[in-house]
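Colleague: So the protein sequences, as listed, match chains P and S. For the first sequence, counting from 1, position 34 maps to 33 in numbering that gives the first Met the number 0; every step adds exactly one. For the second sequence, counting from 1, position 49 maps to 48 in numbering that gives the first Met the number 0; every step adds exactly one. C-beta: ideal position from N, C-alpha, C; glycine also.
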Amino acid sequence: MKFEKLIDKSIKAFLDGKLPEELMKVQEGSITYTPEYMDELEADFAEVEPEEEVSEDDK
Amino acid sequence: MISNGPIPGENFLADTRNYPWHRPPEVETYDGTVEYVMQRMENEETAEIIYSLMEIGRPLTNIVAGLMMQGIGRGKFQIDMAILAAGPVYRYLQMLADSAGIKYETGLDTKRIPITATTMRMVLGIVEDEEEDTPETASEAPTMPEGGLMGAPTAQDATEAPADEQAAMLGMTDEEEEV
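1. List, in order along the chain, the chain P residues whose C-beta lies closer than 8 Å to that of S/Val-63?
2. If the criterion is Cβ atoms closer than 7 Å, does the pair S/Tyr-18 and S/Ala-84 meet it?
3. Give the residues of chain P in contact with S/Val-36, contact being defined as C-beta atoms less than 7 Å apart.
4. Of the residues S/Gly-65, S/Ile-71, S/Ser-2 and S/Gly-4, which one's Cα is nearest the Cα of S/Glu-27?
5. Looking only at its own chain, which residues have a Cβ that is under 7 Å from the Cβ of S/Asn-61, when we skip the five neighbours before and after it?
6. Any idea if P/Ile-10 is buried or exposed, counting beta-carbon neighbours within 10 angstroms, 16 or more meaning buried?
7. When DSSP builds the beta bridges, which residues end up paired with S/Pro-58?
8. Classify P/Met-0: buried if its beta carbon has 16 or more other beta carbons within 10 angstroms, exposed otherwise.
9. Considering Cα atoms alone, identify which of S/Arg-22, S/Trp-20, S/Pro-7 and S/Met-53 is closest to S/Lys-102.
10. By the 10 Å Cβ neighbour count, where 16 or more other Cβ atoms means buried, how is S/Pro-24 classified, buried or exposed?
11. Looking at chain P, which residues of the segment 46-75 of chain S have a Cβ within less than 8 Å of any of its Cβ atoms?
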């Protein structure tokens with residue numbers, strides 16, 4: 000399997016709410032970047048208004 | 000017969016410290032890997048590249064794969080850790096794109112494009128000479144069908160009705176005037 004395919008598979012698993020359980024067993028303590036944490040981070044991002052697009056002529 | 004492949008055991012003679020990915024990774028934890036990539040994205044040059052790639056329609060999964068490959072190449076983290084940490088990095092990229100108001104391709108859509116003659120022509124770069132055909136058809140004068148029920152009237156058919164018949168058709172006969 001190609002690296003890109005593995006990345007796709009990993010992303011899909013994360014979006015489905017799956018976590019690297021075996022890694023969590025090996026590593027001491029829980030992991031921070033869980034889907035729930037990313038949802039909270041996204042909510043914080045949503046509060047920030049989108050930046051206005053600057054046209055190339057203005058640069 | 001000369002073989003260009005490596006000699007068996009050649010790998011034991013090579014200096015494995017020549018490449019960053021041969022050394023122990025600098026970041027060993029899951030959270031550390033995600034944080035490292037996020038910090039990389041905050042770098043001005045990297046951010047410019049990422050935003051440009053998103054704007055030209057490059058799928059986010061490709062960008063994530065590129066970032067991860069870069070970290071592996073620099074010996075920052077291992078391949079397996081890069082694969083595991085791809086999910087949060089993807090979500091972070093999504094947030095950046097949304098906050099910047101960029102329309103992006105996720106790269107996760109697995110819709111199969113049906114193979115048709117048109118798609119095959121596009122893939123093979125076959126361009127039909129439609130422009131050559133168009134002037135030929137345009138220069139030819141259209142031929143009107145003659146005869147039959149739907150045929151165009153000929154010179155013989157185009158005769159005027161007599162004046163009294165035309166007046167009758169218009170309702171201008173003497174009988175109606177009297178009424």
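Modeller: By the coordinates alone:
1. Ile-6 and Ile-10
2. no
3. The contacting residues do not exist; S/Val-36 stays about 10 Å from chain P at best.
4. S/Ile-71
5. Gly-106
6. buried
7. S/Glu-104
8. exposed
9. S/Met-53
10. buried
11. Thr-60, Asn-61, Val-63, Ala-64, Met-67 and Met-68
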